[in-house]
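Below you'll find the structure, written out as structure tokens, and then a few comments.
Residue numbers (mature numbering (1 follows the signal peptide of the UniProt record, and there is no 0)): -25 to -1, 1 to 374.
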């Protein structure tokens, strides 16, 4: 008796579906939770995802991790803490991800870091820079929050070291910050590290993230004789600040947070004013061959070329996670955390080679000595150097 053709096809189709389901069941999910659409910082989150996808593709092309392929599940938190908390719960409880990456906004990480620690799910931040993100929830507690990105306090340590060594020109120092959690967290770091460096602060001023005129605050700085201003704010407010400087023809030396690398800063400030601030980031547009190779892959998809640094963070964060899994010989969150805190073998990234980047008490892969001094020049983020930058070393970055 011959088996009907349609039945053979049905059996074959069912077999293929079952095989695909089995293969998918072997995949290990990683999650990204961050702003991918709502705020100016969304371009950073998008770039981080592109870098993660590139790393996952490279890892899978060589057989995956422990014989399993990696897949990425993304969740857009639209920059809203409640949504970010919901996303975290969904990724951990419903999607059963083995690790989470992100978020884009530092405040959102602070809103849900307790979930990662309670559920014992490793998180490797690759965008948000808030200092407190990687601090344990209580002294001595196991800590599941790691980071491969800029850190506010590391940047501030470098900026204050610059001010200290530039004492011949930087005689009267002022601090300015936006009134958001990001700005006030940075201001706290600036005040603490200025005191540590024995730098006297002559004036401190604050402004709203949506303010377009800071001439009142700047006039107070000018009256106090401030010749150097250290600023902690997002890209657009920094642009409004330098535009306000132009209004009253007052241009002190301006050192800022890395948010000045955002294209929103450049667009709002304009070419000439955009070249006023000096700041830091993890990479310039002068790239190594490995960085250029990754840029060639993801660059056409970036909303702004300047966001490429986050693609690098994304790529390296996945590589470090994969290395920890291999060392632990497990995807178990606790085992991976322990491995991350004591990686035995150097990990070749595109930003740098990571040699024991983390420890039990330090969950930051990048420090001040890894950062690059930057200034906008002719529309490009180019390396900046002068006699002070050239003289700085690790011992100067006091924290």
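For each residue, glycine too, the CB sits at the ideal point set by N, CA and C.
Restricted to the region 234 to 289, the beta strand (DSSP E) segments that are unbroken, complete and at least 3 residues in length are 254 to 256, listed in chain order. Cβ neighbours of residue 214 within its own chain (closer than 6 Å, five residues either side excluded): 240, 243 and 244. The residue from 25, 1 and 10 with its alpha-carbon nearest to that of residue 291 is 25. In the structure shown, the three-state DSSP call for residue 2 is coil. Within the region 98 to 185, the runs of alpha helix (DSSP H) that reach at least 4 residues and sit entirely inside it are, in chain order, 127 to 140 and 156 to 171. According to DSSP, residue 51 shares a beta bridge with 9.
Within the region 288 to 358, the beta strand (DSSP E) runs of at least 3 residues that lie entirely inside it are, in chain order, 347 to 352 and 355 to 358.
Counting the other CB atoms within 10 Å of its CB gives residue 89 a total below 16, which places it among the exposed residues.
Between residue 287 and residue 326, the C-beta spacing is below 8 Å.
The region 358 to 371 makes no contact with the region 270 to 277, as fewer than three CB pairs between them are under 8 Å. Its Cα nearest to that of residue 170, the residue 148 stands out among 152, 228, 148 and 362. Taking a C-beta distance under 8 Å as the contact criterion, residue 44 and residue 1 qualify as a contact pair. As the crow flies, the alpha-carbon of residue 39 is around 14 Å from that of residue 27. Fewer than three beta-carbon pairs drawn from the region 348 to 363 and the region 115 to 126 are found closer than 8 Å, and the two stretches are therefore not classed as touching.
Residue 226 and residue 23 have their C-alpha atoms some 34 Å from each other. Note that the C-beta distance between residue 100 and residue 116 is not below 8 Å. In the three-state DSSP reduction, residue 222 falls in the helix class (H, G or I). Residue 133 places its beta carbon 8 Å or farther from that of residue 373.
For residue 354, the closest alpha carbon among the candidates 280, 54, 218 and 59 is that of 280. When secondary structure is reduced to three states using DSSP, residue 217 falls in the helix class. Judged by beta-carbon spacing, residue 59 lies within the 8 Å limit of residue 86, meaning their Cβ atoms are closer than that value.
Counting only residues of its own chain and dropping the five nearest sequence neighbours on each side, residue 14 has a CB closer than 6 Å to the CB of 54.
In this structure, residue 205 sits away from residue 258, with a CB-CB distance that is not shorter than 8 Å.
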